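What the sequence shown shows, in mature numbering (1 follows the signal peptide of the UniProt record, and there is no 0), is residues -24 to -1, 1 to 433, in sequence order. Backbone N, C-alpha and C define an ideal beta-carbon position, used for all residues, glycine too. None of these values were measured; they are calculated from a predicted model. As structure tokens, the structure follows; a few thoughts come after it.
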Amino acid sequence: MKRKICLFLAAAMMIFSMNSAAYATELDKEKFEQDVDFMEKVIYFVLDNYQYEVSQEDVMNGLYDGFFGVLDDYSVYYTPKEYQAMLEDTAGEFSGIGVQIIDVDGNVVVLTPLPGSPAIEAGIKAGDIIKYVDGKDITGLTVNEASMIIRGQEGTKVKIGVVRDGKDINFELTRRTIVTSSVEGNIMDNNIGYLKVTEFSDNTVKYVKEELAEFDKNNVEKIVIDMRNNGGGTLDAAVDMLNLFVTEGDVVYVDYATGKEDVYTSDLKEQKYEIAVLINEGSASATEIFAGAVKYKKEGTIVGTQSFGKGIVQTLYPLINGSGVKFTTAEYFSVDRTPVHKIGITPDIVVENETMDLSRFPAFSNTNKPVMGSVSLDVLAAEMILDTLGYDVPDPDGVYDQSSFNQMIKYQEDNSLYPYGTIDFATQKSLYSSLLDHAKNSVVDKQLQTAVDVLTK
């Protein structure tokens, strides 16, 4: 196999089903053919002298990855296996930790942690650089390669090491089924509707309409639309949703590399609802199309923090061998052609939410069951959680003394666990679950409260 690799790059180009004239004007065709011939000779030379075996598939994947790697952070080549996994994403369900990731200068960066996911519960944030997965350095991997490693069977554990503000932070998470397409709605006090939109997928508007029908039954006229940590989705879904909330006129301009411009509009004659839209640093792409139209048409109030700033459009092309490519084909602009890319949407009212930093709690090793007299990080984690929950452990130090032992028994009694003081696996799991519940319930959502205040004035 090592010396039997034929690189018919001209044939490889044909699988894109493109007319060569489309790119001939962009390249010096004669020099390009010389470069391809030279590259083939280099590859043969390396394979003839390289110590180890390299498959033809690996060589070709490397060539594709190298080419798409010079485009931008959002352009990707998918192997057949990766392409199938991507299609599963589009279907709205997969098993993993629940993060949307992008490639930034060779680093795997969290675009947004998905609501209700193990990632967001553990405290992983938008902008975190994922450096290690189960101890393996994934720097330099493509988004798809990283996704294949991070994902896994439901119920299995994975260790994630991230870099945040120059500091290394480690998490241990349990993979579970992630539903990426989700719309939730309920009616809050003062008869204000709450609509949580986590992604713009093909069925998003359908579910939004179902929630609006419930609001209408209850005479809801004011709605908070929560798009925090919504990493985007399809352009059409965002435009269709704008047609439910903002009045007629141009809402987004899409300028293609070919010189073509598409202008998308709303046909809504009259606003039915008064709205406030919540965004944060995890709000990107299609979310910014929606928020930008609301802001610049002045038909709602944007509350939260600056959005991510992804104002470019990618197009997906399946290839005849089962693989696929996705690359940037256009840039979009908001109302009045206001730029979004690398800028984002600035809220009308900037509000920072306070959050509990769960990363400061050591992760349980899930290999030890500390007993009184033990000294370990597992003990420190348990003491810190007990202290946070209000138990009398004022100075957590990792030493499992009589005082901490007594408080552990009390915790076990309070939570229907066997009260014998040993920090067994069931107790560790319960402690961490209690910490997550405490973090969720103890922090005031200032952004949501501000949006409600805006609508009740």
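Please report the straight-line C-alpha distance between residue i and residue j, rounded to a whole angstrom.
i      : j    : result
V420   : P56  : 45 Å
F176   : D212 : 9 Å
G235   : N206 : 30 Å
S341   : L149 : 11 Å
D41    : T118 : 8 Å
E33    : N297 : 12 Å
K302   : A61  : 14 Å
L407   : S350 : 18 Å
K416   : N146 : 20 Å
D255   : I278 : First, the residue type needs correcting, since residue 255 is Ile and not Asp in the sequence shown. One C-alpha to the other measures close to 7 Å.
F44    : S310 : 27 Å
L188   : A98  : 32 Å
Y20    : A402 : 57 Å
G82    : I125 : 16 Å
V18    : H414 : 59 Å
K248   : Y396 : 60 Å
D202   : T174 : 8 Å
R127   : S93  : 13 Å
D4     : E246 : 54 Å
A306   : F14  : 32 Å
M(-24) : E9   : At M(-24), the pLDDT of 39 sits below 50, so the modelled position is not reliable; the number obtained from the coordinates is stated separately. So the two alpha carbons sit approximately 25 Å from each other.
V12    : A122 : 29 Å
I105   : L356 : 26 Å
If I'm right that residue i touches residue j with Cβ under 8 Å, what's the distance once you round it to whole angstroms?
i           : j    : result
V159        : V184 : 6 Å
V109        : L90  : Between L90 and V109 the Cβ distance is about 17 Å, and since that is not below 8 Å, they are no contact.
V222        : G268 : Contact doesn't hold; Cβ gap of about 10 Å is too wide.
N364        : L393 : Rather than Asn, the amino acid found at residue 364 in this sequence is Thr. Not quite, the Cβ-Cβ distance comes to about 18 Å (not below 8 Å), so this is no contact.
G72         : I154 : 6 Å
residue 455 : Y50  : In the structure as shown, the chain starts at -24 and stops at 433, and residue 455 therefore has no counterpart that could be examined.
K107        : I100 : Actually they do not touch by this definition, with Cβ atoms about 12 Å apart.
G225        : K274 : Rounded, the Cβ-Cβ distance is 12 Å, inconsistent with contact.
Y376        : M348 : 5 Å
Looking only at its own chain, which residues have a Cβ that is under 6 Å from the Cβ of residue i, when we skip the five neighbours before and after it?
i    : result
F191 : G169
Y240 : V215, V227, V228
L353 : P338
V369 : E359, L362, D363, S380, Q383
Q404 : F340
G285 : K318, I319, G320
S335 : G99, I145
P294 : G300
Could you have a look at residue i and say whether DSSP puts it in helix, strand or coil?
i           : result
N256        : coil
A358        : helix
R127        : coil
R152        : strand
K433        : coil
F21         : helix
E187        : helix
N219        : helix
Q247        : coil
Y170        : strand
F266        : helix
A306        : strand
D104        : coil
V139        : strand
I399        : coil
G92         : coil
N206        : coil
residue 440 : Within the shown structure, residues of the chain are numbered from -24 to 433, placing residue 440 beyond reach of any answer.
Q282        : coil
F70         : strand
Can you check whether the CB of residue j is closer than 7 Å to the CB of residue i?
i    : j    : result
L424 : A252 : no
Y308 : V200 : no
S283 : S259 : yes
A102 : V86  : yes
G300 : T263 : no
D48  : T304 : yes
I399 : A427 : no
N167 : V134 : no
Y54  : N162 : no
L218 : F266 : yes
K172 : E250 : no
R152 : T132 : no
Relative to the ligand HEM, is the shortest distance from any of its heavy atoms to the C-beta of residue i smaller than 6 Å?
i   : result
V22 : With respect to the ligand HEM, the structure offers nothing, as it holds no ligand at all.
Kindly indicate if chain D contains any beta-carbon less than 7 Å away from that of residue i.
i    : result
I399 : Protein chain content of the structure displayed is limited to a single chain, and chain D is not contained in it.
Which residues in the same chain as residue i place their Cβ atom closer than 8 Å to its Cβ, once the five residues preceding and following it in sequence are excluded?
i    : result
K345 : T398, I399, D400, F401
E237 : Y229, V230, D231
Could you pull out every residue in the same chain whose Cβ sits closer than 7 Å to the Cβ of residue i, ignoring the five residues on either side in sequence?
i    : result
D79  : D49, T118, V119
V327 : V279, G280, K422, Q423, T426
G111 : K135
T322 : Q282
E58  : N120, M124
K271 : I278, I321, D324
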